[in-house]
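Visitor:
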């Protein structure tokens with residue numbers, strides 16, 4: 024187990040405690056701050072999406088299909104299924120002469136309640152286009168099409184699309200390919216397990232890619248530009264990813280992963296941050312993310328105030344009364360260790 028990071032307070036009692044791990048690394052591989060075990064091996068889940076998108080740019084998929092920033096941003100998304108997301112996925116598929124049936128991510132209801140109710144009222148089917156990973160899958164599909172590869176099995180580990188992603192993660196996160204743990208993500212594609220330190224290093228090297236190849240430097244710049252100029256695609260209305268990048272106006276980029284993972288890259292300093300909450304409860308990860316940025320002086324008081332509902336999250340009952348708070352309770356440990364692992 025990691026260190027105590029978050030308290031859930033109701034009345035005068037600490038009702039629950041969330042523990043976890045944090046690694047904060049610069050692009051030279053220096054571990055700057057830590058909590059818990061910064062070398063704990065975890066699945067990055069959807070936090071890996073910005074790195075997984077690098078081959079899209081390297082293979083010139085974005086140029087072939089004339090991507091706008093919002094299109095590339097959507098390829099990095101865990102969206103909530105708003106029309107701005109699903110319509111853009113549909114347009115990308117149609118541009119490539121494909122359809123929703125080509126997506127292998129599976130279907131689930133849109134995560135935004137209003138859109139789900141609308142679908143039910145209109146009797147429309149819930150298809151893969153509403154899957155929060157449909158943007159990522161579309162990017163993978165289009166890459167396979169540009170490369171003249173099989174479209175049916177693009178989601179399988181042995182497919183060239185997934186092999187390129189595996190190579191990219193190994194290079195950007197500076198971790199041996201053969202040591203990356205492979206599982207299956209919720210949307211059916213491979214999910215990658217590596218130490219939290221290396222995930223943070225990947226975000227640091229995306230923020231400051233000078234030690235990467237020219238093609239990856241170019242790809243990183245385009246991806247970060249896309250995410251920060253069209254943050255509404257990465258999550259959606261009132262989501263933390265979208266709010267964080269909107270409030271900080273291109274200063275940093277962030278991406279959530281399932282089971283309470285969150286990663287951030289700060290562009291000016293080249294710092295990468297990776298967070299994992301032990302019990303997988305996402306209610307704890309956003310307060311931690313804002314508190315880390317606060318302690319590192321990477322966001323202003325005004326930005327913290329704008330993110331207040333994520334930093335100290337009100338706990339509400341079914342009557343919508345505020346009955347408690349989910350609040351971060353930790354102080355980062357500074358380390359002078361220099362590592363090149």
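In my numbering, the protein residues as written are 24 to 364.
Backbone N, C-alpha and C define an ideal beta-carbon position, used for all residues, glycine too.
This one's a predicted model, so the numbers in the text were calculated from it and none came from an experiment.
Going by alpha carbons, who is nearest to residue 131 out of 335, 201, 149?
Guide: Ranking 335, 201, 149 by Cα distance to residue 131 puts 149 first.
Visitor: With a CB to CB cut of under 7 Å and the five nearest residues on each side skipped, what residues in its chain are close to residue 209?
Guide: Closer than 7 Å at the Cβ level, and outside the excluded window around residue 209, lie 281.
Visitor: Is it true that the region 218-228 meets the region 31-49, where meeting means three or more beta-carbon pairs spaced less than 8 Å apart?
Guide: The region 218-228 is in contact with the region 31-49.
Visitor: Going by beta carbon distance, what residues of the same chain come within less than 8 Å of residue 324, once the five residues before and after it are set aside?
Guide: So the list is empty, once near-sequence residues are dropped.
Visitor: Anyone know if the C-beta pair for residue 67 and residue 349 falls short of 8 Å?
Guide: No, Cβ-Cβ distance for residue 67 and residue 349 is not below 8 Å.
Visitor: Bridge partners of residue 338, per DSSP?
Guide: In the DSSP output, where bridge partners are listed per residue, residue 338 has 347.
Visitor: Considering only residues of the same chain and omitting the five flanking positions on each side of residue 204, which have a CB-CB separation below 8 Å?
Guide: Taken in chain order, the residues that qualify are 64, 66, 215, 216, 217.
Visitor: Would you mind sorting residue 157 into buried or exposed? The rule is 16 or more other CB atoms within 10 Å of its CB.
Guide: Per the 10 Å Cβ criterion, buried.
Visitor: Please report how far the alpha carbon of residue 321 lies from the alpha carbon of residue 84, in whole angstroms.
Guide: Taking the straight line joining both Cα atoms gives about 34 Å.
Visitor: Give the range of the beta strand (DSSP E) segment to which residue 67 is assigned.
Guide: Counting along the chain, residue 67 falls outside any beta strand (DSSP E), and DSSP gives it neither H nor E.
Visitor: Tell me whether residue 114 is buried or exposed, calling it buried when 16 or more other Cβ atoms sit within 10 Å of its Cβ.
Guide: Exposed is the call here.
Visitor: Is it buried or exposed, residue 155, if we count other Cβ atoms within 10 angstroms and call 16 or more buried?
Guide: So residue 155 ends up on the buried side.
Visitor: Helix, strand or coil for residue 148 per DSSP?
Guide: Looking at residue 148 - three-state DSSP - the assignment turns out to be coil, as it is neither helix nor strand.
Visitor: Are the beta-carbon atoms of residue 200 and residue 193 separated by less than 8 Å?
Guide: A contact, by the Cβ cut-off of 8 Å.
Visitor: Contact between the region 98-112 and the region 252-268: three or more CB pairs below 8 Å?
Guide: Yes: at least three Cβ pairs fall under 8 Å.
Visitor: With a 10 Å radius around its C-beta and 16 neighbouring C-beta atoms as the bar for buried, classify residue 207 as buried or exposed.
Guide: By the 10 Å Cβ count, residue 207 comes out exposed.
Visitor: Distance, Cα to Cα, residue 268 vs residue 274?
Guide: Near 8 Å, if we compare the C-alpha coordinates of residue 274 and residue 268.
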